[in-house]
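Novice: The structure's right below; bear with me while I get my questions together.
Now the structure itself:
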């Protein structure tokens, strides 16, 4: 194993009814005033919003609320939240929703204690070393944001979809009640599965050293995702499958899978952010399109790893058979595997190559992402 | 999955040379004075002690040192440490050694900020909710103590071997450099493997609900232990095997394997503590003796689980074949599997039944451990 640091201080409260204790969890940290951040008004119809505010009231915690966070969350909403957190003296941000709501909340929490422009954190001009405490109740499993310090936000004018990460942006307490995640559509379940796959495979298939223990660990996550996704597509209320799906989503991006690996590239995530910023498609859909395409490019860099993947995950022989098996599985669960299936015009490829190359240049990552590599991956996704 | 809370704030610094940064890690938390706790004087001959104190000096951290902690660490040494920490104004305890040194250090850290008798934490008269910060450099992998809040200590007069656990007894930073663990004897390597197995199997084979994801997670740990132990027995300097062995030891008892399970009993650990307190044998040796014996008793309570274990771990059919396969593996690596092999007189069984029953009574655990159950397990270990 290569040298590593592992640290993850987030406390997870997992299971049925845990959201009813949110006020208690928050009050344990001495917080008396929060900003609730959420997406659509559905959480008011479902009763979740009332459950949360009742628990806050029971624990003498006052709140303001900011709704309207969309998928592929935008910077303008973060600015709104930062202003509201500052003006109301919020001591913590409570995200109630999916990854987009939590990511916005992390940015708001960091921005609320920062004098400059919160976008500085996304362009690495500043590091979020301080933030309001972050709490969350997750209504969608996929991003793993509930147990890491990442937040991805899009700046609308420039369609830049960038991420922040710092020591202060780990949630203090994350509530994961799988029952709250049972209303997700099959379409989004498939996108979630593709997101978890990408969190795992971007690493597994790219690193120049993968300890056998970590390989087995990741394969166990992915096998669980395959098994539980297939159950949930026909039995949305299967609690056990829902719970294992949710927990593997958390495990796939809480840094345990990165322990001891070497040269983690995270390619499809890097490439996908520009896709979903440009077309406002679901992040998971962008990933299921790009993953097989990227794999076709990547297989020659890690030939043995691809054979291992094919054998251990799908019990087929050879890199190509493994890629095809994954593609077929994505099709089976209803995730798009071509640009066309994602309603992205193939004739946009040259424009996308230019856009992506500009992002690569901005980050100084030309050594990792040549224009040729980007073009090949996009062509592979036709 | 059953409802659970997961929280583990320990920061791990893993890899070659990390011990040279210990002063920097400690100073990041504002600590200026530590009590170093260690076992034998070997760490002075090996140069590790000098490396540590140089790093402390480089970071302007002063220290006192307390050596002489033994395996199956004793309360009198903890008292000595508590007094020294108090009298020298230590702000943190730095354990340099194996599980016994770290466990003693945890107790010292909690005792140093407690007015009463530190043994109160072990008899559950008080909870260690405050403690000095705990840091460690691990020279032996097995106990997992570097990433949990447990500490096991023996009170010499009564031969009571009990444990404490509280919110304040997680290490702040644990340094795991597998190279420092390469001098362990093959004998102790086998005991360590048996300890990791017991941390896993006490749970895996007893819980009344085991999520399939967790089963796969644990099986991956155990397969890694089997693979790396066999390598290390003939190639002690194989760094990759040593590193994976060390990391699985940590993972096996950092609470991730307990997420979502139901009714975790932890039987062989409970029973073994009396054995090693009575005979001062290695904890891992006591566990390799008791595990197959306990399994023979337990198999009827979880018949399907035992079949799963046999199939997934050793690719054999049926509970008995699985138990036998594990027993043979223990023999192969040199861990004792009978009382006789552990130099424990079989004629002591009636005495041990009485001793264990007294401990059971003290903890009010008669419903879990009948005198008959204890007798059967001990008889099975003949």
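Chains as they are written, first to last, in my numbering: chain A, 2 to 383; chain B, 2 to 383. In this text, a Cβ means the ideal position worked out from N, Cα and C, and glycines have one as well. Every value quoted in this text rests on a predicted model; they were computed, and no experiment measured them.
Please go through the same chain and pick out, in chain order, the residues whose beta-carbon is closer than 7 Å to the beta-carbon of residue 54 of chain B, but skip the five residues on each side of it.
Specialist: Around residue 54 of chain B: 64.
Novice: Which residues of the stretch 49-77 of chain A have a Cβ closer than 8 Å to any Cβ of chain B? Give them in chain order.
Specialist: Within the stretch 49-77 of chain A, no residue has a Cβ that lies closer than 8 Å to any Cβ of chain B.
Novice: Within this structure, are the beta carbons of residue 11 of chain A and residue 193 of chain A separated by less than 7 Å?
Specialist: No, they are not a contact pair.
Novice: Taking a contact to mean a Cβ-Cβ separation below 7 Å, would you say residue 337 of chain A touches residue 286 of chain A in this structure?
Specialist: Yes; because the gap between Cβ atoms is below 7 Å, this pair is in contact.
Novice: Hey, out of B/356, B/268 and B/213, whose CA is closest to residue 306 of chain B's CA?
Specialist: If we check each option's Cα against that of residue 306 of chain B, B/213 comes out closest.
Novice: For residue 361 of chain B, which residues of its own chain have a beta-carbon under 7 Å away from its beta-carbon, when the five flanking residues on both sides are left out?
Specialist: Around residue 361 of chain B: 367 and 370.
Novice: Take residue 144 of chain B and list the residues in its own chain whose beta-carbon comes closer than 6 Å to its own, dropping the five residues that flank it on each side.
Specialist: If we look at residue 144 of chain B and ignore the five residues flanking it on each side, its Cβ neighbours are 100.
Novice: Anything in the stretch 218-230 of chain A with a Cβ closer than 9 Å to a Cβ of chain B? List those residues in chain order, please.
Specialist: Taking 9 Å as the Cβ-Cβ cut-off against chain B, the residues of the stretch 218-230 of chain A that qualify are 218, 220, 221, 222, 224, 225, 228 and 229.
Novice: Which same chain residues end up closer than 6 Å to residue 96 of chain B when comparing Cβ atoms and leaving out the 5 residues on each side of it in sequence?
Specialist: Closer than 6 Å at Cβ, skipping near neighbours: 38, 102, 103, 106 and 137.
Novice: Kindly indicate if chain A contains any beta-carbon less than 7 Å away from that of residue 20 of chain B.
Specialist: By this cut-off, residue 20 of chain B is not an interface position.
Novice: In chain A, what lies closer than 8 Å to residue 150 of chain B by C-beta?
Specialist: Those do not exist, as residue 150 of chain B stays about 13 Å from chain A at its closest Cβ, beyond 8 Å.
Novice: For residue 40 of chain B versus residue 117 of chain B, is the C-beta distance shorter than 7 Å?
Specialist: No, these two residues do not count as a Cβ contact at 7 Å.
Novice: Using DSSP bridges, identify the partner residues of residue 164 of chain B.
Specialist: DSSP lists B/153 as partners of residue 164 of chain B.
Novice: Helix, strand or coil for residue 92 of chain A? Go by DSSP, reduced to three states.
Specialist: Three-state DSSP puts residue 92 of chain A in coil, outside helix and strand.
Novice: Going by beta carbon distance, what residues of the same chain come within less than 7 Å of residue 261 of chain A, once the five residues before and after it are set aside?
Specialist: Result list for residue 261 of chain A: 2, 3, 5, 212 and 215, in chain order.
Novice: Which residues in chain A sit within 9 Å of residue 370 of chain B, going by Cβ to Cβ distance?
Specialist: Going along chain A, no residue has its Cβ under 9 Å from residue 370 of chain B, so there is no contact; the nearest lies around 28 Å.
Novice: Using a Cβ cut-off of 7 Å (strictly closer), state whether residue 7 of chain B contacts chain A.
Specialist: So, interface residue.
Novice: Name the two residues that bound the continuous beta strand (DSSP E) containing residue 266 of chain A.
Specialist: Neither: residue 266 of chain A is in no beta strand (DSSP E) and is coded neither H nor E.
Novice: Is it the case that the Cβ atoms of residue 229 of chain A and residue 181 of chain A are separated by a distance below 7 Å?
Specialist: No, they are not a contact pair.
Novice: Take the Cβ of residue 88 of chain B as the centre, count every other Cβ of all protein chains shown within 10 Å, and call the residue buried at 16 or more, exposed below.
Specialist: The residue in question, residue 88 of chain B, is exposed, as its Cβ has fewer than 16 Cβ neighbours within 10 Å.
Novice: So residue 170 of chain B contacts chain A; which residues on that side make the cut at Cβ distance below 7 Å?
Specialist: Near residue 170 of chain B there are no residues of chain A at all, since even the closest Cβ is about 16 Å away, more than 7 Å.
Novice: Is there at least one Cβ from chain B nearer than 7 Å to residue 313 of chain A's Cβ?
Specialist: Taking Cβ atoms only, chain B never reaches closer than 7 Å to residue 313 of chain A, which makes this a no.
Novice: What's the C-alpha gap between residue 173 of chain B and residue 373 of chain B?
Specialist: Each residue's Cα considered, the two are about 42 Å apart.
Novice: When the Cα atoms are used, what is the spatial distance from residue 243 of chain B to residue 148 of chain B?
Specialist: In a straight line, the C-alpha of residue 243 of chain B is about 18 Å away from that of residue 148 of chain B.
Novice: Could you tell me whether any Cβ in chain B is nearer than 7 Å to the Cβ of residue 374 of chain A?
Specialist: By this cut-off, residue 374 of chain A is not an interface position.
Novice: Is there a C-beta anywhere in chain B that falls below 7 Å from the one on residue 239 of chain A?
Specialist: Chain B contact via Cβ: absent.
Novice: Return no unless some Cβ of chain C is closer than 7 Å to the Cβ of residue 23 of chain A.
Specialist: No chain C appears in the structure shown, which is made up of the protein chains A and B.
Novice: Could you check if residue 158 of chain B is buried or exposed, using at least 16 other CB atoms within 10 Å of its CB as the buried criterion?
Specialist: The residue in question, residue 158 of chain B, is exposed, as its Cβ has fewer than 16 Cβ neighbours within 10 Å.
Novice: Chain B partners of residue 3 of chain A, CB-CB under 8 Å?
Specialist: Going along chain B in sequence order, the residues near residue 3 of chain A (Cβ under 8 Å) are 16.
Novice: Kindly indicate if chain B contains any beta-carbon less than 7 Å away from that of residue 138 of chain A.
Specialist: No - not a single Cβ of chain B is within 7 Å of the one on residue 138 of chain A.
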